[in-house]
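J.: Basically the working numbering = 1-based index in the sequence shown + 6.
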Amino acid sequence: MDFLGGSNGYIVLKAFHVLAAVAWVGGGLTQNVLATRLKSSGESGLMSRFARESEWIGTHVYLPSSLVLLGLGIWMVATSAWNFTDLWIIIGILGMLSTVITGSVFLGPTAKKIGEAIAARGPDDPQVIAGIERLLTIGRVDLAVLLIVVVDMVAKPVL
């Protein structure tokens with residue numbers, strides 16, 4: 007019996023696919039809430055450290071989770087009755103790709119720069135404050151896209 011070709015194999019792939027989604031989406035939600043709380047605390051050292059840690063988490067947790075998620079999703083579609091032209095799969099792939107690009111091109115590098123700017127100029131610098139606001143706003147939009155993808159994967163809309 008082909009372990010990953012049968013129904014048991016699909017269940018295993020789906021389980022790891024969902025676990026990767028939980029790590030990525032759950033982590034993103036937690037990070038958004040934590041960033042908002044730390045920003046309002048007024049403790050500059052915490053925000054600086056958070057920005058540096060966010061960059062690390064992005065490259066060491068979120069990016070690998072997103073790639074595992076995408077890879078397993080593609081594998082499941084390729085070995086099932088689903089089709090890459092199904093609306094819910096197209097929405098899911100486009101949403102995931104947009105958040106991977108946003109995270110790797112903007113969120114991660116910007117968090118790193120903000121951490122460095124806080125260390126160099128302090129948390130009250132107008133550019134630092136503007137950077138944090140921009141980062142939080144785009145992070146929230148990115149999280150909303152991820153949540154839409156989760157709903158899409160569960161609901162599987164069709165035309």
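C-beta: ideal position from N, C-alpha, C; glycine also.
Treat the numbers as computed from the prediction; the structure is a model and nothing was measured.
Consult DSSP for Leu19 and reduce its assignment to one of helix, strand or coil.
T.: In the structure shown, the three-state DSSP call for Leu19 is helix.
J.: For Ile124, collect the residues of the same chain with a Cβ closer than 7 Å to its Cβ; drop the 5 residues on either side in sequence, then sort them by chain order.
T.: Excluding sequence neighbours, Ile124 sits near Ser50, Met53, Ser54, Ala57 and Val134.
J.: Nearest-angstrom Cα distance between Ala41 and Leu35?
T.: 10 Å
J.: Quick check on this structure: which residue in Ile17, Met82, Ala161 and Val155 has the alpha carbon closest to the alpha carbon of Val106?
T.: Val155
J.: Please confirm if the region 63 to 76 is in contact with the region 102 to 116, defined as three or more CB-CB distances below 8 Å between the two stretches.
T.: The region 63 to 76 is in contact with the region 102 to 116.
J.: With the cut-off set at 8 Å, would you say Ala26 and Leu75 are in Cβ contact?
T.: Annotated as proximal: Ala26 and Leu75, with beta-carbon spacing under 8 Å.
J.: Can you look up Trp88 in the DSSP assignment and give me helix, strand or coil?
T.: coil
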